[in-house]
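Notes follow the structure.
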Amino acid sequence: MNIKHTVIQRFNRVISRALLAVCTISLGMNAGAEDLDDVDQIVQKANLAAFYSGVDGRAETRMQIVDEQGRKQTRQFTILRRDHRDGGDQQYLVFFSYPADIRGTLFLVEKHPGNDDDRWLYLPGLDLVKRIAAGDKRTSFVGSDFFYEDVSGRGITEDHHHLVSTSDQFYVVQNRPKDSINVEFSEYTVWIDKQTFMPMKTEYTDNSGKIYRRVEALQVQIIQGFPTATRMKVSNLRTGGYTLNEMRFIHYDMGIPADLFSERSLRNPPRQWLKRPKPAN
Amino acid sequence: MRFFRTTLLLGATILCSCLSLMSAAQAEEPDHWSATESHAPSDTATTDDWTQEDWGDDPWTEESTDNASQWHGFIEAGFGQFLRSDNPTEKNVSLAELRARLENDWYFGETYLRLKADINADAVTDTLDASIREGFFNISPTSKSDMRVGRQILTWGTGDLVFLNDLFPKDWQSFFSGRDMEYLKAPADAIRFTWYQSKANLDLVWIPFFEADTYLTGERFSYYSPMTDSITAAPPQLAVTQKSNTLSNGELAIRLYQNIGNYEWAVYGYQGFYKQPRGFNPVNSELFFPKMNVFGASLRGPVGPGIMNTELAYHQSKQDKNGSDPWVPNSEWRFLIGYEQELISNLTLGLQYYLEQIVDYQQLLDQSPAPNTEPPHRRHTVTVRLTYRTMQEKLRWSLFSFYSPNDKDAYLIPSVSYRYSDGWSLESGANIFIGDHIYSFLGQLQKNDNIYIRSIYRF
Numbered sequence: 000m001n002i003k004h005t006v007i008q009r010f011n012r013v014i015s016r017a018l019l020a021v022c023t024i025s026l027g028m029n030a031g032a033e034d035l036d037d038v039d040q041i042v043q044k045a046n047l048a049a050f051y052s053g054v055d056g057r058a059e060t061r062m063q064i065v066d067e068q069g070r071k072q073t074r075q076f077t078i079l080r081r082d083h084r085d086g087g088d089q090q091y092l093v094f095f096s097y098p099a100d101i102r103g104t105l106f107l108v109e110k111h112p113g114n115d116d117d118r119w120l121y122l123p124g125l126d127l128v129k130r131i132a133a134g135d136k137r138t139s140f141v142g143s144d145f146f147y148e149d150v151s152g153r154g155i156t157e158d159h160h161h162l163v164s165t166s167d168q169f170y171v172v173q174n175r176p177k178d179s180i181n182v183e184f185s186e187y188t189v190w191i192d193k194q195t196f197m198p199m200k201t202e203y204t205d206n207s208g209k210i211y212r213r214v215e216a217l218q219v220q221i222i223q224g225f226p227t228a229t230r231m232k233v234s235n236l237r238t239g240g241y242t243l244n245e246m247r248f249i250h251y252d253m254g255i256p257a258d259l260f261s262e263r264s265l266r267n268p269p270r271q272w273l274k275r276p277k278p279a280n
Numbered sequence: 000m001r002f003f004r005t006t007l008l009l010g011a012t013i014l015c016s017c018l019s020l021m022s023a024a025q026a027e028e029p030d031h032w033s034a035t036e037s038h039a040p041s042d043t044a045t046t047d048d049w050t051q052e053d054w055g056d057d058p059w060t061e062e063s064t065d066n067a068s069q070w071h072g073f074i075e076a077g078f079g080q081f082l083r084s085d086n087p088t089e090k091n092v093s094l095a096e097l098r099a100r101l102e103n104d105w106y107f108g109e110t111y112l113r114l115k116a117d118i119n120a121d122a123v124t125d126t127l128d129a130s131i132r133e134g135f136f137n138i139s140p141t142s143k144s145d146m147r148v149g150r151q152i153l154t155w156g157t158g159d160l161v162f163l164n165d166l167f168p169k170d171w172q173s174f175f176s177g178r179d180m181e182y183l184k185a186p187a188d189a190i191r192f193t194w195y196q197s198k199a200n201l202d203l204v205w206i207p208f209f210e211a212d213t214y215l216t217g218e219r220f221s222y223y224s225p226m227t228d229s230i231t232a233a234p235p236q237l238a239v240t241q242k243s244n245t246l247s248n249g250e251l252a253i254r255l256y257q258n259i260g261n262y263e264w265a266v267y268g269y270q271g272f273y274k275q276p277r278g279f280n281p282v283n284s285e286l287f288f289p290k291m292n293v294f295g296a297s298l299r300g301p302v303g304p305g306i307m308n309t310e311l312a313y314h315q316s317k318q319d320k321n322g323s324d325p326w327v328p329n330s331e332w333r334f335l336i337g338y339e340q341e342l343i344s345n346l347t348l349g350l351q352y353y354l355e356q357i358v359d360y361q362q363l364l365d366q367s368p369a370p371n372t373e374p375p376h377r378r379h380t381v382t383v384r385l386t387y388r389t390m391q392e393k394l395r396w397s398l399f400s401f402y403s404p405n406d407k408d409a410y411l412i413p414s415v416s417y418r419y420s421d422g423w424s425l426e427s428g429a430n431i432f433i434g435d436h437i438y439s440f441l442g443q444l445q446k447n448d449n450i451y452i453r454s455i456y457r458f
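Taken in order, these protein sequences are the chains called A and B.
At position 82 of the first sequence (counting the first as 1) the number is 81 in numbering that gives the first Met the number 0, and the numbers step up by one without a gap.
At position 320 of the second sequence (counting the first as 1) the number is 319 in numbering that gives the first Met the number 0, and the numbers step up by one without a gap.
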């Protein structure tokens, strides 16, 4: 009974995935024909496309952090992610492998959109599990120009959204923070790809109306049917510094268990999930 | 001869620092990234900006492949100098060493062997030491349990440089001399078993042979001696009755812990000995490690924009249960409450209030041969940690301070570290002790004020 049920479920999933693919393709071909005009719907779709692909996912990431004088730092890490539900709570486990001073450091996040995230850091040299104040999500992620929010997403209810224009390629959405005290921008504008709903470019404006920060998706690849920003760049236009981010060996829907995102994995990094899997079909 | 070695090490430190400066100046690593300066909008960006092939020769690729083991480690030169000329220590240097570390993991299925080994040429003690820092097998006997057998670093509890329920060995000599923070935790030869359950996880640590702290002996740092009622240093060597390596001298530590919502609770137990020789045997005039049990609990979680932690522990002095023995410490309550918050971007403030309250205090005073040098009934301590990260976190400023208003002493640790590149970094700092009395907990260290500098290359 159970087995039969599972088979039917799986069959249904395959069918719906196939239908979805067909729909996506036809949508893509008809792009521009049926523009969305509900900005909330656009923002919601963009949020899902950028941060909620699949039920779970894994990626190996490399960052190059370049300062205003051209000096470079590198960060390499593997990210495991699991969604409780699309658009809702998520779990992240980040395992750093390079450079040597942070090798073996792990970062565990329970993300609660609209609320403070729970964050832990494991320092292997001291065998120390440190809890980190959720505090400022708009603070540098491991020294890079990426903010925590760029990595795990900004709650879509935290801004007022306004659809500025719709071109052949993009929905251009302007966002003003509901709570302007805790953010460093006065507004930001996002160019959302009409076909994939990937945010392709985001520009942040300060109080004087000047653009001082830019986040770009420089390469988007379709992986297991999900458009994925595999190359990104964050530019600090005030200093001239920037960070490049490249993701590879990306896999979705691996069946990562929820209890993997725990103190156990901090002390004993889950090798089974961190090691590079065989290429997906 | 000793002077020569010290000079040599100082020279090495300066050389390393210069090298790291030079390497930073020409930090042109192989350009895997061909970083584009183009601010082209996304729709015109091409893949030409990023070379596809470069991941192939990346060290990470090798590391990620199955069963590959890689050697890592560091080379470090450190030098530290006492600031006061009246410190009775034999040397006027607090740190003078060249250290090399090698580490690797070997996997056998899910089981792995970890090895971290140090070689240290130490001009303060005139020794060349090779030591295993970590050397253990990590096994998962069942899907819900892990076991670590061998030499390992053990840490639990919620305090920041304040330890209530963490009775694992600490190396205070390393801490005071400005070595890397990881050396505050000394390794223990232990078996750790962890059992993961939905209601509560269980941690059980058995240290078959007692592992004491690396406490102050007078060799590297001076301290207050009640015998002479003065700040002293070796020689003469501190006469301590060491614990023999028998199983009856083992230590047992237990922790039950779990999360409820955003909050982490834990209860702790410990059976063993005072980690420092706080007992005195008038028969042979030697110090010894009295028996001790510890019971405690902690809670940690978000409050407002920060993280709050609180912890309680009862240190039961087994050999002086009613406080009548003047040569063995009385039992003690310890209480901690702390809060950490990011004040503004990259500036973090951590505050802690820590209480040590002696049980049967009147008994202690009545029996004490020198009641005026005994610690206060309640020793209040406030700690402040300020951390500021700047220049893409390459430069970190930090200040940690302990202050006891009623014991009238303090300890300040200012430090700054700079990462020149992914490999090279430099750290400098100071250990400053202030005290009204030479016998108080921190005041006895007041002649040990020192500054240090360390240059590290990690690979």
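Using N, Cα and C, we set each Cβ at its ideal position, and we do this for glycine too.
Being a predicted model, the structure only gives us computed values, none of them experimental.
Beta-carbon neighbours of residue i, restricted to chain A and to distances below 8 Å
i	result
B:Gly422	Pro98 and Ala99
Among the options, nearest to residue i - alpha-carbon criterion
i	options	result
A:Leu125	A:Glu67, A:Val42, A:Arg266 and A:Ser207	A:Arg266
A:Leu137	B:Leu342, B:Pro276, B:Gln361 and B:Ile74	It is Arg, not Leu, that sits at residue 137 of chain A in the sequence shown. Out of B:Leu342, B:Pro276, B:Gln361 and B:Ile74, B:Leu342 has the C-alpha closest to the C-alpha of A:Arg137.
B:Glu426	B:Lys446, B:Ser176 and B:Ser454	B:Ser454
B:Ser344	B:Ala122, B:Thr389 and B:Val266	B:Thr389
A:Glu313	A:Gly53, A:Ile249, A:Ile131 and A:Val182	Nothing about residue 313 of chain A can be read from this structure; chain A reaches only from 0 to 280.
A:Pro282	A:Gln43, A:Thr73, A:Glu59 and A:Asp258	Given that chain A is displayed from residue 0 to residue 280, the structure contains no residue 282 of chain A and the question cannot be resolved.
B:Ser459	A:Glu262, A:Pro276, A:Arg80 and A:Gly224	For residue 459 of chain B there is no data in the structure shown, the boundaries of chain B being 0 and 458.
A:Ile41	A:Ser143, A:Ser164 and A:Gly142	A:Ser164
B:Asn258	B:Ser403, B:Leu311, B:Gln236 and B:Asn200	B:Asn200
A:Trp272	A:Gln43, A:Ile64, A:Gln63 and A:Arg80	A:Arg80
B:Ala369	B:Thr380, B:Ser316, B:Arg333 and B:Tyr438	B:Tyr438
B:Trp396	B:Thr382, B:Ser416 and B:Met180	B:Ser416
Endpoints, alpha helix (DSSP H) assigned at residue i
i	result
A:Asp149	Tyr147 to Ser151
A:Arg270	Arg270 to Leu273
A:Arg263	Glu262 to Arg266
A:Asn46	Val38 to Phe50
B:Gln362	Tyr360 to Gln366
Within chain B, partners of residue i - CB distance below 8 Å
i	result
A:Leu125	Ile152, Thr154, Met180, Glu181, Leu183 and Lys184
A:Asn206	Within 8 Å Cβ-Cβ: nothing; A:Asn206 doesn't reach chain B, min ~16 Å.
A:Thr188	Result: empty, since nearest Cβ-Cβ is about 12 Å, beyond 8 Å.
Closer than 8 Å: residue i CB and nearest the ligand GDP heavy atom
i	result
B:Ala265	With respect to the ligand GDP, the structure shown offers nothing to examine, as it has no ligands at all.
Residues near residue i by beta carbon distance below 8 Å, same chain, minus five either side
i	result
B:Ala116	Arg100, Leu101, Glu102, Ala129, Ser130, Ile131, Arg132 and Gly134
B:Pro168	Lys184, Ala185, Pro186, Ala187, Glu210, Ala211, Asp212, Thr213 and Lys274
Cut-off 7 Å between Cβ atoms - residues of its own chain near residue i, not counting five sequence neighbours on either side
i	result
A:Val38	His160, His161, Leu162 and Val172
A:Leu217	Arg230, Met231 and Lys232
B:Asp85	Lys446
A:Asn235	Asp144, Arg212 and Tyr241
B:Asn119	Glu96, Arg98 and Asp128
A:Ala20	Bear in mind that a pLDDT of 49 at A:Ala20, under 50, signals an unreliable position, so the number given afterwards is only what the model happens to contain. Around A:Ala20: Gly224.
Where the beta strand (DSSP E) through residue i begins and ends
i	result
B:Ile253	Glu250 to Ile259
B:Tyr269	Tyr262 to Phe272
B:Tyr419	First-last for B:Tyr419: undefined, no H or E at that position.
A:Trp190	Glu186 to Asp192
B:Glu355	Leu346 to Ile357
Close-in-space but distant-in-sequence residues of the same chain around residue i (CB under 6 Å, 5 per side omitted)
i	result
A:Gly113	Gly154 and Thr156
A:Gly254	none
B:Pro301	Asn261
A:Lys277	none
B:Ser63	With a pLDDT of 46 at B:Ser63, under the threshold of 50, the modelled position of this residue cannot be trusted, and the question is left open.
A:Ser52	Phe225 and Tyr251
B:Gly305	Tyr338, Glu339 and Gln340
A:Arg270	none
B:Ser400	Val383 and Leu411
Chain-ordered chain B contacts of residue i [CB-CB under 7 Å]
i	result
A:Ala133	Pro301
A:Arg102	His71
Chain B residues whose Cβ lies nearer than 9 Å to that of residue i
i	result
A:Gln68	Ordered by position in chain B, no residue passes the 9 Å Cβ test against A:Gln68, which lies about 10 Å from the chain.
Neighbour list for residue i in chain A, Cβ cutoff strictly below 9 Å
i	result
B:Asp145	Arg263, Arg266 and Asn267
B:Arg457	Pro98, Ala99, Asp100 and Arg102
Could you tell me which whole alpha helix (DSSP H) segments of length 4 or greater appear in the region 135-222 of chain B? Listed in chain order, the complete alpha helix (DSSP H) runs (minimum 4 residues) inside the region 135-222 of chain B are 171-176.
Contact list for the region 136-164 of chain A against chain C, Cβ threshold 8 Å: No chain C appears in the structure shown, which is made up of the protein chains A and B.
Secondary structure, beta strand (DSSP E): runs of 3+ residues fully inside the region 50-134 of chain A: Entirely contained in the region 50-134 of chain A, the beta strand (DSSP E) runs reaching 3 residues are, in chain order, 55-65, 71-82, 89-97, 105-110, 117-122 and 127-131.
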